[in-house]
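K.L.:
Protein chains in written order, with my numbering: chain U, 1103 to 1431; chain E, 1103 to 1431. Glycine included, each C-beta is placed from N, C-alpha and C at the ideal position. Structure below; questions to follow.
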DNA sequence: CGCACACCTGAGAGCGCTACCACCACAAAC
DNA sequence: GTTTGTGGTGGTAGCGCTCTCAGGTGTGCG
């Protein structure tokens, strides 16, 4: 297939073997400009024979294109990177980027130092940024040079298009289901309060409760199961007659169920529990978790594709969230 | 901080601003070779003032270094990429690679066409490969040019170092716990049978059962919850007196528990269930899952660091797995 | 026949950077 | 005085590729 020397096959080698100039070989392999059928055949054959693989790095350098897509996750500390949600985002992005010769990097963007975005904007090896857990300060810190190369997974801004699940619709569907099931004293375990996109479901919850003349019972969570459990107990202590708990994430909901069980409360008999995300484990939990879908992989795929394409994107792309009614509520 | 022109700041700009040659600026910023204190100061100041960020792409090109680390997951079809295990691997790798200016790509390596590795070996933009779900054909397909740049997460070979959890020890710990709890008719739901590293726990199971004079009851799973549930029912149909099920993964175990519940069987009263991995949801499942730890992030971090460093690595690095006894067994 | 207008080609100038090499200054050793 | 360093520096040749540009060769048309 290739010469015994370990030197990698370059475009020059292919051109020489095909008896054409490097320029012609580049045109054929790059699929642009003119090239005769003869040249096309010869170059193609030579490339196959030599096992030529274009050097993405050199190509990126001359084209001024980037080779990395950075997933920048905001948060108070680096533990935000431990979230399975981030794992799914990164993984889906890495899958989309692979055929383009682009790799994905994962970074924590401290909430109080969003200036780190400057560096990303000045780094020509970065072809785009996926902002996760966006907040207003982060959006403000996006340098002009990054415009068109950055999208947000969550809340966006006029200059930063956003991709996210329709949080409000999902919350709405779940809460209506709870209400339809006869629940009237519904508490909510929120996500982190500084996270603007998570606040949408809080707003939806508040709106629905007020409209129905029901009490608003908010306890703060952070999307994790452990915190969800503690939050549930806190809610129970403050409002012992609570008959349903809506958790901002399935992980939280699972923690809530475990805590409830610890208190000797039956789900859904005593307290109904519903989550958000429809993670794989929701279907096999005990009881099976009622929740709303959150197409994380699809969102990440769309966001990464948008940056990779570089074409203008509508300011907001909301992915529908639908109810998945199971046993827990 | 920088000129109003959108042209990115290059090393030339810094050198000019500092009144030195590009070579000197490169030495200072690269931290190699000689440079007077004066030159060091001037270049450093100029770089700061101009907001210089080195172009990783150019650096990689001239150094012949790669800019991507490819996570190549073998499997019968592309659904292997949907596994949360892969998500964690990719995410951890992306975190380690980020400071090095390296991005992570995720690819499916068809089990029957491991020749895809050739391409990765010839691609100079690839600085390394993380083989996941390795099998003998995959290891055989690793081209010589990739030696030293590829490591396996799972089983390795003389030329491909491996990083993995100590599957046998984990299985051993869990099974001994089951045995100590009085269980004698222990079935096992395996991982995919073609996956050599997963077979280690099967071997451990078989060895332990035979040594204890207990029946070997194997049903095939694929690490997913859905398949785990079906496998559990299959085991129950074949051996109705089964009093414990050891699942090769926590996801499987969760599926097993759900299926058992569907049959009206109580866990652990009627059938004890244990898993492997200690995923976050294991602690909050109902009942809380007994399992053995699997430090996925640490493994991926070590593997990625190894390829990034390029230093020789011991052929096998086994990460300990310890029992986490909870309620389910 | 000349002219336009295709189609096709190769030379060559970089992309931004590293690293090799030659060179200079100065000091210590012979 | 010459030699041998040793710290410090700049010139410059590339890394492998793309893409502009100048220059072909044909064909159709006035």
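Our contact map puts residue 1268 of chain U next to residue 1423 of chain U with C-beta atoms below 8 Å; I'd like the distance itself, whole angstroms only.
P.N.:
The sequence position of residue 1268 of chain U within the first chain is 166, counting from 1. The sequence position of residue 1423 of chain U within the first chain is 321, counting from 1. 5 Å between Cβ atoms; contact.
K.L.:
What number of angstroms, rounded off, separates the C-alpha of residue 1143 of chain U from the C-alpha of residue 1224 of chain E?
P.N.:
As a working note, residue 1143 of chain U is residue 41 in the first chain. As a working note, residue 1224 of chain E is residue 122 in the second chain. Their backbone Cα atoms lie some 22 Å apart in a straight line.
K.L.:
Where does residue 1154 of chain U land, buried or exposed, given buried means 16+ other C-beta within 10 angstroms?
P.N.:
To locate residue 1154 of chain U, count along the first chain from 1; it is residue 52. By the neighbour-count rule (16 or more Cβ atoms within 10 Å), residue 1154 of chain U is buried.
K.L.:
Does any C-beta atom of chain U lie closer than 8 Å to the C-beta of residue 1224 of chain E?
P.N.:
In the second chain, residue 1224 of chain E corresponds to position 122, counting from 1. Residue 1224 of chain E counts as touching chain U.
K.L.:
Looking at the structure shown, is residue 1201 of chain U part of a helix, part of a strand, or coil, going by DSSP?
P.N.:
As a working note, residue 1201 of chain U is residue 99 in the first chain. Three-state result, residue 1201 of chain U: helix.
K.L.:
Taking the Cβ atom as the reference point for each residue, do residue 1152 of chain E and residue 1111 of chain E lie within a distance shorter than 8 Å?
P.N.:
Here residue 1152 of chain E refers to the residue found at position 50 when the second chain is read from its first residue. Here residue 1111 of chain E refers to the residue found at position 9 when the second chain is read from its first residue. Result yes, Cβ atoms of residue 1152 of chain E and residue 1111 of chain E sit closer than 8 Å.
K.L.:
Is the separation between the beta-carbon of residue 1271 of chain U and that of residue 1402 of chain U shorter than 8 Å?
P.N.:
The residue given as residue 1271 of chain U occupies position 169 in the first chain. The residue given as residue 1402 of chain U occupies position 300 in the first chain. Contact flag unset, no.
K.L.:
Does residue 1447 of chain E come out as helix, strand or coil in the three-state DSSP assignment?
P.N.:
The displayed coordinates of chain E run from 1103 to 1431. Any statement about residue 1447 of chain E would go beyond what the structure contains.
K.L.:
Compare the Cα-Cα distances from residue 1346 of chain E to each of E/1307, E/1135, E/1197 and report the closest residue.
P.N.:
Your numbering for residue 1346 of chain E matches position 244 in the second chain. Residue E/1307 is the option with its Cα nearest to residue 1346 of chain E.
K.L.:
What does a CB cutoff of less than 8 Å around residue 1095 of chain E pick up in its chain, not counting 5 residues either side in sequence?
P.N.:
For chain E, the structure presents residues 1103 to 1431; residue 1095 of chain E sits outside this window and is missing.
K.L.:
Confirm, please, whether the CB-CB distance from residue 1393 of chain E to residue 1379 of chain E is below 8 Å.
P.N.:
In the second chain, counting from the first residue as 1, residue 1379 of chain E sits at position 277. In the second chain, counting from the first residue as 1, residue 1393 of chain E sits at position 291. Yes, these two residues count as a Cβ contact at 8 Å.
K.L.:
Short of 8 Å in beta carbon distance, which residues of its chain neighbour residue 1410 of chain U, apart from the five on each side in sequence? Order them along the chain.
P.N.:
The residue given as residue 1410 of chain U occupies position 308 in the first chain. Here the set comprises 1171, 1198, 1199, 1202, 1204, 1229, 1230.
K.L.:
So which residues of chain U does residue 1189 of chain E contact, with C-beta pairs closer than 8 Å?
P.N.:
As a working note, residue 1189 of chain E is residue 87 in the second chain. Near residue 1189 of chain E (Cβ distances below 8 Å), the residues of chain U are 1186, 1189, 1190, 1192, 1193.
K.L.:
What in chain E is Cβ-close to residue 1263 of chain U, meaning under 9 Å?
P.N.:
Position 161 of the first chain, counted from the start, is the residue given in the question as residue 1263 of chain U. In chain order: nothing, as chain E lies at least about 21 Å away.
K.L.:
Any C-beta of chain U within less than 7 Å: which residues of the segment 1195-1210 of chain E qualify?
P.N.:
Residues passing the 7 Å Cβ filter: 1196, 1197, 1199, 1200, 1203, 1204, 1205, 1206, 1207, 1208, 1209.
K.L.:
Based on DSSP bridge pairs, tell me the residues matched to residue 1212 of chain E.
P.N.:
Along the second chain, one-based indexing puts residue 1212 of chain E at 110. Paired residue(s): E/1177.
K.L.:
Based on DSSP bridge pairs, tell me the residues matched to residue 1425 of chain U.
P.N.:
Residue 1425 of chain U sits at position 323 when you count from the first residue of the first chain. The partner list for residue 1425 of chain U (beta bridge, DSSP) reads U/1394.
K.L.:
By the criterion of Cβ-Cβ separation under 7 Å, what are the contact partners of residue 1134 of chain E in chain U?
P.N.:
Taking the second chain and counting its residues from 1, one reaches residue 1134 of chain E at position 32. Neighbours of residue 1134 of chain E on chain U: none; closest Cβ ~20 Å, over 7 Å.
K.L.:
In the DSSP assignment, the alpha helix (DSSP H) including residue 1242 of chain U goes from what residue to what residue?
P.N.:
Along the first chain, one-based indexing puts residue 1242 of chain U at 140. Run containing residue 1242 of chain U: 1238-1243, per the alpha helix (DSSP H) assignment.
K.L.:
Report the residue ranges of all beta strand (DSSP E) runs contained in full by the segment 1327-1356 of chain E; include only those spanning at least 3 residues, in chain order.
P.N.:
Runs found: 1346-1349.
K.L.:
So residue 1404 of chain U packs on residue 1265 of chain U, CB below 8 Å; how close in whole Å?
P.N.:
Residue 1404 of chain U sits at position 302 when you count from the first residue of the first chain. Residue 1265 of chain U sits at position 163 when you count from the first residue of the first chain. Confirmed, Cβ separation roughly 5 Å.
K.L.:
So is residue 1110 of chain U in contact with chain E if we call contact Cβ pairs under 8 Å?
P.N.:
As a working mapping, residue 1110 of chain U is identified with position 8 in the first chain. Yes - at least one Cβ of chain E is within 8 Å of the one on residue 1110 of chain U.
K.L.:
Using the C-alpha atoms, what's the distance from residue 1321 of chain E back to residue 1430 of chain E?
P.N.:
Locating residue 1430 of chain E in the second chain gives position 328, where the first residue counts as 1. Locating residue 1321 of chain E in the second chain gives position 219, where the first residue counts as 1. If you take the alpha carbons of residue 1430 of chain E and residue 1321 of chain E, they lie about 20 Å apart.
K.L.:
For the segment 1347-1362 of chain U, which residues have a beta carbon sitting closer than 8 Å to at least one beta carbon of chain E?
P.N.:
Taking 8 Å as the Cβ-Cβ cut-off against chain E, the residues of the segment 1347-1362 of chain U that qualify are 1353, 1356, 1357, 1359, 1360.
K.L.:
Could you name the residues of the same chain whose beta carbon sits closer than 8 Å to that of residue 1119 of chain U, not counting the 5 residues immediately before and after it, in chain order?
P.N.:
Your numbering for residue 1119 of chain U matches position 17 in the first chain. Correct list, in chain order: 1148, 1151, 1152.
K.L.:
Using beta carbons (cut-off 8 Å, strictly below), is residue 1386 of chain U in contact with chain E?
P.N.:
Here residue 1386 of chain U is taken as the residue at index 284 of the first chain, counted from 1. It does: the Cβ of residue 1386 of chain U has a partner Cβ on chain E nearer than 8 Å.
K.L.:
Just verifying my parser: in three-state terms, what is the DSSP assignment at residue 1225 of chain E?
P.N.:
Taking the first residue of the second chain as position 1, residue 1225 of chain E is located at position 123. Note: residue 1225 of chain E maps to coil in three-state DSSP.
K.L.:
Of the choices E/1323, E/1193, E/1344, E/1365, whose alpha-carbon is the least far from that of residue 1355 of chain E?
P.N.:
In the second chain, residue 1355 of chain E corresponds to position 253, counting from 1. Comparing Cα positions, the closest option is E/1323.
K.L.:
Specify whether the segment 1251-1266 of chain U and the segment 1280-1287 of chain U touch according to this definition: at least 3 beta carbon pairs, one from each stretch, less than 8 Å apart.
P.N.:
Short answer: they don't touch.
K.L.:
Going by the DSSP bridge assignment, what does residue 1254 of chain U pair with across the sheet?
P.N.:
As a first step, residue 1254 of chain U is located in the first chain; it is residue number 152 there, counting from the start. Looking at the DSSP assignment, residue 1254 of chain U forms a beta bridge with U/1233, U/1264.
K.L.:
Find out if the Cβ-Cβ distance for the pair residue 1400 of chain E, residue 1189 of chain U is shorter than 8 Å.
P.N.:
As a position in the second chain, residue 1400 of chain E is number 298, starting the count at 1. As a position in the first chain, residue 1189 of chain U is number 87, starting the count at 1. No.
K.L.:
What's the call for residue 1138 of chain E, buried or exposed, on a 16-neighbour Cβ count within 10 Å?
P.N.:
Within the second chain, the letter at position 36 stands for residue 1138 of chain E. With fewer than 16 other Cβ atoms within 10 Å, it is exposed.
K.L.:
Just verifying my parser: in three-state terms, what is the DSSP assignment at residue 1118 of chain E?
P.N.:
In the second chain, the residue the question calls residue 1118 of chain E occupies position 16. Residue 1118 of chain E: helix per DSSP, three-state reduction.
K.L.:
Tell whether a beta-carbon distance below 8 Å holds between residue 1208 of chain U and residue 1176 of chain U.
P.N.:
For the purposes of this step, residue 1208 of chain U is taken as residue 106 along the first chain, with counting starting at 1. For the purposes of this step, residue 1176 of chain U is taken as residue 74 along the first chain, with counting starting at 1. The answer is no: Cβ separation not under 8 Å.
K.L.:
Sorted by chain position, which residues of the same chain lie with C-beta nearer than 8 Å to residue 1136 of chain E's C-beta, five sequence neighbours on each side aside?
P.N.:
Residue numbering aside, residue 1136 of chain E sits at position 34 when the second chain is read from its first letter. For residue 1136 of chain E, where only same-chain residues beyond five positions count, the Cβ hits under 8 Å are 1129.
K.L.:
Only counting the same chain, and skipping five residues up and downstream in sequence, which positions put a Cβ closer than 6 Å to that of residue 1384 of chain U?
P.N.:
Here residue 1384 of chain U refers to the residue found at position 282 of the first chain. For residue 1384 of chain U, where only same-chain residues beyond five positions count, the Cβ hits under 6 Å are 1352, 1391, 1393.
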